[in-house]
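Just so we're aligned: the sequence shown equals residues 0 to 216 in numbering that gives the first Met the number 0.
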Amino acid sequence: MSILSLKNVSFQDANTKVLKDINLEINEGDFITITGPSGGGKSTLLRILGDLISPTSGHVYLRDKDYSEIPPLKLRNEINYFFQQPYLFGNTVYDNLSFTYEIRKKNIDNSKIYMLLEKFNIDKDYLSKDINKLSGGEKQRISLIRSLLHPGPVLLLDEITSALDKENKLLVEHIMKDMNNKGHTILWITHDLSQIKDLGNKKIIIEDGTIISKEGF
0 MSILSLKNVS FQDANTKVLK DINLEINEGD FITITGPSGG GKSTLLRILG DLISPTSGHV
60 YLRDKDYSEI PPLKLRNEIN YFFQQPYLFG NTVYDNLSFT YEIRKKNIDN SKIYMLLEKF
120 NIDKDYLSKD INKLSGGEKQ RISLIRSLLH PGPVLLLDEI TSALDKENKL LVEHIMKDMN
180 NKGHTILWIT HDLSQIKDLG NKKIIIEDGT IISKEGF
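Spelled out as structure tokens, the structure:
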């Protein structure tokens, strides 16, 4: 069953057509890797699916309902965008993780926070750590944990392992495979050849704003 679809979606930035008449059906439970040359339109596609920008023309649908008819907050609860460059706020790691509960007016689930820290190989002592003293890889993992505390059915991943060493890259891959096995739909932009080869049930290559290859569809 289709969870996301794009119908004749284009996006123009100034005089540059970044995406050109994209048509795509994404089924529930798909794990799609997206690759292609830099500047080809991959991140723009994910930003449109994440409702971070609107297409210049065409339509995007969630379960056959046009994005324009869905309240933005509902879309945010359905679709999580994982950025390549992590953004942390406040002073400590705990500030970042507890905020996800506070903004939802929910009691903080420390047991879930501890469980995810353990999954990502991060000691509980990090909760009090100054975010300015974290390495790039640590910031990326904390950002991922923050998003996974309240995951929606759709996860959009924009080169999320680019700052990680081999051990933590494999760890994140394992976690995302597990999320997919539990029913989450995943679209993952990557230039990593091993990820392109080994991850996902479907593959897309985007070049010059156009999908030039689909595998598994």
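Backbone N, C-alpha and C define an ideal beta-carbon position, used for all residues, glycine too.
Excluding five sequence neighbours on each side, which residues of the same chain lie with their C-beta closer than 7 angstroms to the C-beta of R62?
As a working mapping, residue 62 is identified with position 63 in the sequence shown. Closer than 7 angstroms at Cβ, skipping near neighbours: I2.
Using the Cα positions of D20 and K168, report the straight-line distance between them to the nearest angstrom.
Position 21 of the sequence shown holds residue 20. Position 169 of the sequence shown holds residue 168. Their Cα atoms are separated by approximately 33 angstroms.
Assuming L147 contacts L115 (C-beta within less than 8 angstroms), just tell me the rounded distance between them.
Residue mapping note: residue 147 aligns to position 148 of the sequence shown, counting from 1. Residue mapping note: residue 115 aligns to position 116 of the sequence shown, counting from 1. Confirmed, Cβ separation roughly 6 angstroms.
With a CB to CB cut of under 6 angstroms and the five nearest residues on each side skipped, what residues in its chain are close to I112?
Here the question's residue 112 lines up with position 113 in the sequence shown. Hits under 6 angstroms: L96.
Grab the span of the beta strand (DSSP E) containing G57 for me, first residue to last.
Translated into positions along the sequence shown, residue 57 becomes position 58. S56 to L61 is the span of the beta strand (DSSP E), which, as asked, contains G57.
Thinking C-beta only, is T15 closer than 8 angstroms to I195?
The count along the sequence shown starts at 1 and reaches residue 195 at position 196. The count along the sequence shown starts at 1 and reaches residue 15 at position 16. No, the Cβ-Cβ distance between I195 and T15 is not below 8 angstroms.
Using the DSSP secondary-structure output, state which residues sit across from D50 in a beta bridge.
Within the sequence shown, residue 50 is the residue found at index 51, counting from 1. According to DSSP, D50 bridges with nothing at all.
Under 8 angstroms Cβ to Cβ from D65, same chain only, skipping five residues before and after it: list those, please.
Counted from its first residue, the sequence shown places residue 65 at position 66. Hits under 8 angstroms: H58 and V59.
Can you tell me whether Y86 is helix, strand or coil according to DSSP?
Taking the first residue of the sequence shown as position 1, residue 86 is located at position 87. Of the three classes helix, strand and coil, the one that applies to Y86 here is coil, per DSSP.
Count the C-beta pairs between the stretch 84 to 99 and the stretch 171 to 180 that are closer than 8 angstroms, then say yes if the count reaches three, no if not.
Result no; under three Cβ-Cβ pairs closer than 8 angstroms.
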